[in-house]
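Enquirer: Just so it is clear: in the sequence shown, position 239 is 252 by this note's numbering, and no numbers are missing.
Note that CB positions come from ideal geometry on N, CA and C, so glycine has one too.
This is the structure, below, for whatever I ask next.
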Amino acid sequence: MLKDNSTVSSPVGRHPRSQQSTESSSKAFFVMECRCICLCIAFTAIMFPIPVETGNILILVFPLWSHVKPTLNVATSLANKYGHHSTLILSKEFANKVKEDSTTSVIVPAVYKNFSVHGIAKDSIEDACNRKMSPYFKGITIVNNVCHALLSDEALFTVLQQQDFDLALIDNVMIADCFTVLAYKLGIPYVQLGGMHIPVRTRIPFMPSVHPAFALLGFFDEMSFIQRVVNTLFSVVMAVSPQVVFPTDLVATYVPEKPFVPLEVLHRRTAFHLVDMDFVLDFPRPLMPNVAFVGGVGTEKPKPLPSDLNSYMDSATNGVIVASFGSIANSLPASRMEILISVFRKFKNVKFVLRYGNETKEDGNILLMPWLPQNDLLGHPNTKAFITHCGISGLYEGLCNAVPMIGLPFMTDGFYNCRKMAFKGFGISYDFCIFTDLELSNAIQEILDNPKYSVKIKKASDIFHGQQGTPSERSAYWIDHVIQHGGDYLQTPATDMPLYKYYLLDVLLFITLVTFLSIWCCVRSIRACCRCCCRPKIKVD
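Here it is as structure tokens:
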């Protein structure tokens with residue numbers, strides 16, 4: 014006999030559909046309850062936020078765009094990720110390029126109001142091409158004048174003192190020691206950022222046999238005997254006299270209210286060193302815990318080009334070569350630029366974009382521009398090569414965008430950077446002051462025809478981009494770390510150690526004296542034994 018299913022009860026005494034409906038209602042109620050709790054938590058977080066400690070950072074940078082740009086990138090990362098406020102000391106020329114907001118401020122001191130390096134650039138480049146040392150001495154004179162003007166500017170110091178800064182970010186160039194004096198006067202810790210990495214000055218473990226002491230020497234990690242001799246002697250000179258730019262009484266003159274500290278000691282007391290180098294473009298070397306390589310800190314992702322410039326690039330079916338020598342391009346000798354342009358005209362199937370002149374105009378296959386978006390042009394897929402003076406920012410922009418390079422350096426670190434780039438296989442290098450039209454023509458043809466340069470720089474670019482975070486983000490991390498936790502625990506005792514103690518001169522002297530004393534005692538003992546053994550016997554009658 015069949016049972017009537019309508020009269021069969023569920024195990025809990027309710028109809029199955031009724032049970033499912035109850036369970037659905039319970040789940041819906043639970044979801045609504047969770048949403049209410051989340052909304053309450055969010056409302057509480059908005060109305061009563063947990064206070065986050067943000068820092069106030071003073072940025073001291075030499076007024077050159079290639080130096081200003083990296084610090085701006087770091088300031089942006091500090092603001093976006095950590096909420097830190099940055100105040101930049103800039104010349105009037107670059108202050109107009111910085112957008113001031115709640116996280117960024119600009120101060121233009123009296124010495125920077127009419128300051129510009131372009132007035133002396135032309136003479137300096139011509140002297141450099143004539144292999145004179147005058148550009149170096151002119152540079153020392155300029156930074157000394159700027160330094161004394163900054164440190165004696167009481168109005169500036171009063172304004173800075175009122176800001177209550179937590180830390181100073183210092184541009185590590187020739188004027189860096191002056192900036193450390195200002196930070197010492199303000200009583201704040203400081204971090205240095207730049208490519209002027211001299212291990213001897215920072216008391217980093219250093220072997221002259223494999224580690225170049227200074228970039229301007231132009232040595233690599235594999236040196237000849239003569240190069241190792243020069244590198245060793247230079248290291249000794251830098252260790253004994255590490256500071257030759259500023260007078261030794263700078264601290265005593267401008268910070269008399271505080272204990273006297275030598276400039277080289279102030280440099281070693283830097284809380285953290287952010288070095289604008291990367292092992293993919295440089296060479297392996299030991300580092301201390303308070304040193305990080307952040308090469309390419311001035312780089313960023315390419316932005317879309319203006320429509321007219323983008324159309325010009327898109328129309329180049331055989332590719333485009335970008336040529337730029339930085340902000341002092343118009344100060345370069347006209348005779349050298351004429352050779353450059355005449356070579357460009359020979360490659361009629363290739364388009365060129367050259368930063369030169371005072372107006373934008375198209376001259377055959379050459380587009381002349383007074384300023385160009387260099388990084389954005391290098392990021393365009395039709396860009397086949399980059400002609401550069403090998404400034405550190407341009408070098409890393411070429412690396413980031415995997416564009417083979419032709420280096421034409423004319424002064425300072427450009428020669429070392431170009432030689433390093435060519436050594437790595439990323440391009441070809443010639444001296445800007447003496448290259449011939451045939452050499453440049455062959456170099457352009459070689460870059461266009463031989464894929465080995467593109468392959469090598471593409472691999473290096475992949476390694477560079479494979480690192481965690483961008484260089485500016487890594488820089489911001491360490492600056493925030495120093496603000497939050499200090500940098501004393503990262504410092505080595507060698508920071509304040511006397512020279513004789515650091516280089517174990519007292520130990521070597523002790524070992525030498527003990528050795529000589531031991532030898533002397535041995536010699537005396539042997540002589541005494543010989544006298545006793547060789548003494549003639551006296552006959553007794």
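Does DSSP put His80 in a helix, in a strand, or in coil?
Expert: helix
Enquirer: Please give the ranges of any alpha helix (DSSP H) in the stretch 164-208, keeping only runs that are unbroken, at least 4 residues long and fully inside the region.
Expert: 167-176, 189-199
Enquirer: Following the continuous alpha helix (DSSP H) through Phe285, name the residue where it begins and the one where it ends.
Expert: Unbroken run through Phe285 is the beta strand (DSSP E), 285-288; no alpha helix (DSSP H).
Enquirer: Quick one: grab the DSSP three-state call for Ser254.
Expert: coil
Enquirer: Quick one: measure Cβ to Cβ for Ile102 and Ile72, integer angstroms, because I've assumed they're closer than 8 Å.
Expert: About 7 Å separates the two Cβ atoms, so the contact holds.
Enquirer: How many angstroms separate the CA atom of Leu451 from the CA atom of Val335?
Expert: 19 Å
Enquirer: If I'm right that Met209 touches Asn185 with Cβ under 8 Å, what's the distance once you round it to whole angstroms?
Expert: About 5 Å; that satisfies the 8 Å criterion.
Enquirer: May I ask you to verify whether the stretch 247-263 touches the stretch 167-176, counting CB pairs closer than 8 Å and requiring at least 3?
Expert: no
Enquirer: What separation, rounded to the nearest whole angstrom, lies between the Cα atoms of Leu353 and Ile447?
Expert: Leu353 and Ile447 have their C-alpha atoms roughly 12 Å apart.
Enquirer: So, at 7 Å on beta carbons, what are the nonlocal neighbours of Tyr502 in its own chain, with the 5 sequence-adjacent residues on each side left out?
Expert: none
Enquirer: Given a cut-off of 8 Å, decide if His286 and Val304 are closer than it, judged by their beta-carbon atoms.
Expert: yes
Enquirer: Distance, Cα to Cα, Tyr466 vs Thr116?
Expert: 42 Å
Enquirer: Excluding the five sequence neighbours on either side, which residues of its own chain have a C-beta within less than 7 Å of the C-beta of Asp17, listed in chain order?
Expert: Note that Asp17 scores 43 on pLDDT, short of 50, meaning its location in the model is unreliable and no value can be drawn from it.
Enquirer: Keeping to the same chain, check which residues put their C-beta closer than 6 Å to that of Ala92; ignore five residues upstream and five downstream.
Expert: Thr116
Enquirer: If contacts are defined as beta-carbon pairs under 8 Å, then Asn395 and Ala329 qualify, I think. What distance do you get, rounded to the angstrom?
Expert: 5 Å
Enquirer: Am I right that Gly68 and Leu180 are in contact with their C-beta atoms under 8 Å? What's the rounded C-beta distance?
Expert: 6 Å
Enquirer: Between Pro422 and His402, which are expected to be in contact by the criterion C-beta below 8 Å, what is the C-beta distance as a whole number of angstroms?
Expert: The C-beta separation of Pro422 from His402 comes to about 5 Å, placing the pair in contact by the 8 Å criterion.
Enquirer: Looking only at its chain, what residues have a beta carbon closer than 8 Å to the beta carbon of Tyr513, apart from the 5 residues adjacent to it on each side?
Expert: Asp519
Enquirer: Can you list, in chain order, the residues of its chain whose CB lies under 8 Å from that of Phe273, leaving out five sequence neighbours each side?
Expert: Apart from the 5 residues on each side of it in sequence, Phe273 sits with its Cβ closer than 8 Å to the Cβ of Val264, Ala265 in its chain, given in chain order.
Enquirer: Ignoring anything shorter than 4 residues or poking outside the stretch 437-479, list the alpha helix (DSSP H) runs there in chain order.
Expert: 450-462, 465-478
Enquirer: With C-beta atoms as the reference, is Pro417 less than 8 Å away from Ile460?
Expert: In this structure, Ile460 lies closer than 8 Å to Pro417 by Cβ.
Enquirer: Phe12 to Cys142, Cα distance in whole Å?
Expert: Nothing can be reported for residue 12, as the shown portion of the chain is limited to 14 through 554.
Enquirer: Please classify Ser355: is it buried, with 16 or more other beta-carbons within 10 angstroms of its beta-carbon, or exposed?
Expert: By the neighbour-count rule (16 or more Cβ atoms within 10 Å), Ser355 is not buried but exposed.
Enquirer: Going by other Cβ atoms of all chains shown within 10 Å of its Cβ, with 16 needed for buried, is Cys431 buried or exposed?
Expert: buried
Enquirer: Where in the stretch 348-434 do unbroken runs of the alpha helix (DSSP H), each at least 4 residues long, occur, reported from the N-terminal end onward?
Expert: With a minimum length of 4 residues, the unbroken runs of alpha helix (DSSP H) contained wholly in the stretch 348-434 fall at 387-391, 405-413.
Enquirer: Take Phe150 as the anchor and find which of Tyr429, Thr425, Ile470, Arg214 has the nearest alpha-carbon.
Expert: Ranked by Cα distance from Phe150, the options Tyr429, Thr425, Ile470, Arg214 are led by Thr425.
Enquirer: List the endpoints of the continuous beta strand (DSSP E) containing Asn69.
Expert: 69-73
Enquirer: Tell me which residue opens and which closes the beta strand (DSSP E) that His98 is part of.
Expert: 98-102 is the span of the beta strand (DSSP E), which, as asked, contains His98.
Enquirer: Can you tell which of Tyr267, Phe436, His224 has its C-alpha closest to the C-alpha of Ile211?
Expert: Here the closest residue by C-alpha is His224.
Enquirer: Name the residue from Val159, Leu381, Ala541 whose alpha carbon lies nearest to the alpha carbon of Asn343.
Expert: Selected option, being the one with the closest Cα: Leu381.
Enquirer: How many whole angstroms separate the CB atoms of Gly370 and Pro383, which I take to be in contact at a CB cut-off of 8 Å?
Expert: Indeed they touch by this definition, with Cβ atoms about 6 Å apart.
Enquirer: Just the C-alpha distance for Ser531 and Phe523, rounded to the nearest angstrom, thanks.
Expert: In a straight line, the C-alpha of Ser531 is about 12 Å away from that of Phe523.
Enquirer: What does DSSP give as the partner residues of Phe338 in its beta bridges?
Expert: Phe338 is not bridged to any residue.
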